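In my numbering, the protein residues as written are 944 to 1234.
Glycine included, C-beta positions come from ideal geometry on N, C-alpha and C.
Predicted model only: the values in this text are computed from it and were never measured.
Accompanying notes for the structure given below.
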């Protein structure tokens, strides 16, 4: 029996409408599945720029991982592994060994990454296997080597702390004062979310606020911004992580506490009408052919 998870509520012109039951059976017929339906939580889509599920159908581990929402491409650097679903949080995920392994999202024609970011949210599931006495960037939007604009979910084993670290031309996180003290927990799945609205940083762990601090730095500025997953964007191999990353999303606004809590429970995106097309989340159909 295959379990197909569908979010029934969709928004259209600010009105909540119920997704017709008949459509679910049409979908089941189209895909030819022996299907059992269940409710599921979908991640917030308002302000979503990109979403990497890292599921098998979206990854060529020798080449690239595709963003299933905005169709950006993360180019594989080194030799990370596509981990099996049993070892991951939702579907498959990426395993980095801390040695020249990372994914790189370079400039795109639509400037989705290299742009002014007045607000930003970075969010992912992470499972850290080991510490190595240095900075480690799980996710990093930065303009290396200039290093004038940075937004990063990171941990620092040398100083025993972790946080959502932000730098702009006008200011930066005071790590000694603002970071969460203590090593990031090892060998357990953590849902990490960092938000920044130009004035305040929030860092959430497993859907709950861990740290809030003032950082009146204004916008991250366009000009060489690149996205690194598993290391900083220039792949220095000095900030590389040892562990798994799953379900990475980036938003162009600061999610609210309620939205972060929602995404902590989410498995992909909700069903929604988009320009007359029905868009199903990868999260709701992932691994169906394997079960």
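Cut-off 7 Å between Cβ atoms - residues of its own chain near residue i, not counting five sequence neighbours on either side
i: residue 1082; result: 1065, 1067, 1095, 1096, 1172 and 1191
i: residue 1025; result: 999, 1002, 1004, 1035 and 1037
i: residue 1207; result: 1134, 1149 and 1150
i: residue 1159; result: 1114 and 1142
i: residue 1088; result: 1177
i: residue 1051; result: 1015
i: residue 987; result: 1198, 1202, 1205 and 1206
i: residue 1007; result: 1016, 1017, 1018 and 1019
i: residue 1009; result: 1001 and 1016
i: residue 1127; result: 1071, 1098 and 1105
Assigned secondary structure, residue i (DSSP; H/G/I helix, E/B strand, else coil)
i: residue 1088; result: coil
i: residue 1205; result: helix
i: residue 1197; result: coil
i: residue 1003; result: strand
i: residue 1030; result: helix
i: residue 1184; result: coil
i: residue 1011; result: coil
i: residue 1057; result: coil
i: residue 1213; result: coil
i: residue 1074; result: coil
i: residue 1083; result: strand
i: residue 1043; result: coil
i: residue 997; result: coil
i: residue 1023; result: coil
Own chain partners of residue i with C-beta closer than 6 Å, once the 5 adjacent residues on each side are dropped
i: residue 1195; result: 990 and 992
i: residue 1121; result: 1156
i: residue 1129; result: 1071
i: residue 1043; result: 1021 and 1180
i: residue 1073; result: 1185
i: residue 984; result: 1208 and 1209
i: residue 966; result: Legend: pLDDT at residue 966 = 44, less than 50; position of this residue unreliable, value from coordinates given subsequently. So the list is empty, once near-sequence residues are dropped.
Range covered by the beta strand (DSSP E) that runs through residue i
i: residue 1151; result: 1151–1157
i: residue 1066; result: 1063–1071
i: residue 1051; result: Residue 1051 -> no beta strand (DSSP E), and no H or E assigned at all.
i: residue 1020; result: 1016–1020
i: residue 1040; result: 1036–1040
i: residue 986; result: Here residue 986 belongs to no beta strand (DSSP E), and DSSP marks it neither H nor E.
Cβ neighbours of residue i in the same chain (closer than 8 Å, five flanking residues each side left out)
i: residue 1165; result: 1054, 1057, 1058 and 1059
i: residue 1030; result: 1036, 1038 and 1187
i: residue 911; result: Since the first and last residues shown for the chain are 944 and 1234, residue 911 lies out of range.
i: residue 1124; result: 1103 and 1104
i: residue 1075; result: 1041, 1100 and 1185
i: residue 1162; result: 1059, 1060, 1061, 1111 and 1141
i: residue 1077; result: 1099, 1100, 1101, 1181 and 1182
i: residue 1023; result: 1004, 1037, 1038, 1039, 1040, 1044, 1045, 1046 and 1173
i: residue 1118; result: 1099, 1102, 1104, 1106 and 1108
Next on the checklist: For a minimum of 4 consecutive residues, which ranges assigned as the alpha helix (DSSP H) are wholly contained in the segment 1094–1180?
Outcome noted: 1118–1121
Next on the checklist: Under 8 Å: do the segment 1083–1090 and the segment 1175–1184 share three or more Cβ pairs, one atom per stretch?
Outcome noted: yes
Item to check | Sufficient close CB pairs (3 or more, under 8 Å) joining the segment 992–1007 to the segment 1143–1160 | outcome: no
Checklist entry - Is it a yes or a no for the segment 1132–1150 touching the segment 1106–1113, going by three-plus beta-carbon pairs under 8 Å? => result yes
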